[in-house]
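Comments concern the structure below.
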Amino acid sequence: MFLIQMSGYPGSGKSTLAKEISKHTGAVIVDHDVVKSALMDMPGTMNSTIEPKELGGLSYHIEWSLVNFHLSLGQSVIFDSPCMYNEHLEKGIRISRKYEAQYKYIECFLNDFEELDRRLKTRERRISQISEMPALMKSTFKLTIENSKSQRPTDSGFLIVDTSQPLDSYIENVISYIIE
């Protein structure tokens, strides 16, 4: 049994890779965008007093409850989320230890602004997802990528996947990392 924490910027290929890992392993996917979009789509939510940051926090609370539940059943879980906050990283490691599950961290990395923007514009988008890269980010993209906000574990290993390559070219490496 394992918990995989996915990480990476919007459009970097987290969900695509999570789905492929699930096909190979049978792991359950807990997807941040599915939960947050469902909350945003609830009647009255968009016009309510819930701030976007609060909505994100509520989404994460639900998602961690789902991760905890599935691990308690002995099911492997893939948590598909940007993983931009250290507390999420720590929580993933802590829950893995609680259920004696292997903890794995996979970061999807795409160092190509135009490709990220193309993916965002052409994907089937949920309401919680951005539809394009903000114009300001284009001028700061290289610096943003170099100073990635993704949190990485310091006491356990992690895998960084170059998602500019075709999925078939790295999926075996990803599966090997998971089962090692």
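Just so we're aligned, residue -6 is where the sequence shown starts under my numbering, counting upward by one. Idealized CB from N, CA, C, for every residue including glycine. Computed from a predicted structure; not experimentally measured.
Asked                                                                                                                                          : Found
Between which residues of its own chain and Gly67 is the CB-CB distance below 7 Å, once the five residues before and five after are set aside? : Met(-6)
By the three-class DSSP mapping on this structure, what secondary structure does Met33 have?                                                   : helix
Between the region 89 to 97 and the region 52 to 69, are three or more C-beta pairs nearer than 8 Å?                                           : yes
Using three-state DSSP, classify Asp155 as helix, strand or coil.                                                                              : strand
Go to Leu(-4), then tell me how far its beta strand (DSSP E) extends in each direction, as first and last residue.                             : Phe(-5) to Ser0
Per the contact definition of three or more C-beta pairs closer than 8 Å, is the region -5 to 11 in contact with the region 73 to 91?          : yes
Do Tyr78 and Gly85 have their C-beta atoms closer together than 8 Å?                                                                           : no
So the candidates are Arg87, Glu47 and Gly49; which of them puts its Cα closest to the Cα of Val174?                                           : Outside the modelled stretch of the chain, which goes from -6 to 173, sits residue 174, for which no answer is possible.
Any idea what DSSP makes of Glu47, helix, strand or coil?                                                                                      : helix
Checking the sheet assignment: what are the DSSP bridge partners for Tyr96?                                                                    : Leu(-4)
By a C-beta neighbour count over all protein chains shown, 10 Å radius and 16 as the cutoff for buried, is Thr115 buried or exposed?           : exposed
For Cys101, which beta-bridge partners are listed by DSSP?                                                                                     : Val154
What's the call for His17, buried or exposed, on a 16-neighbour Cβ count within 10 Å?                                                          : exposed
Quick test of your reading: Cys101 and Gly1, contact by CB under 8 Å. State the CB separation rounded to the nearest angstrom.                 : 4 Å
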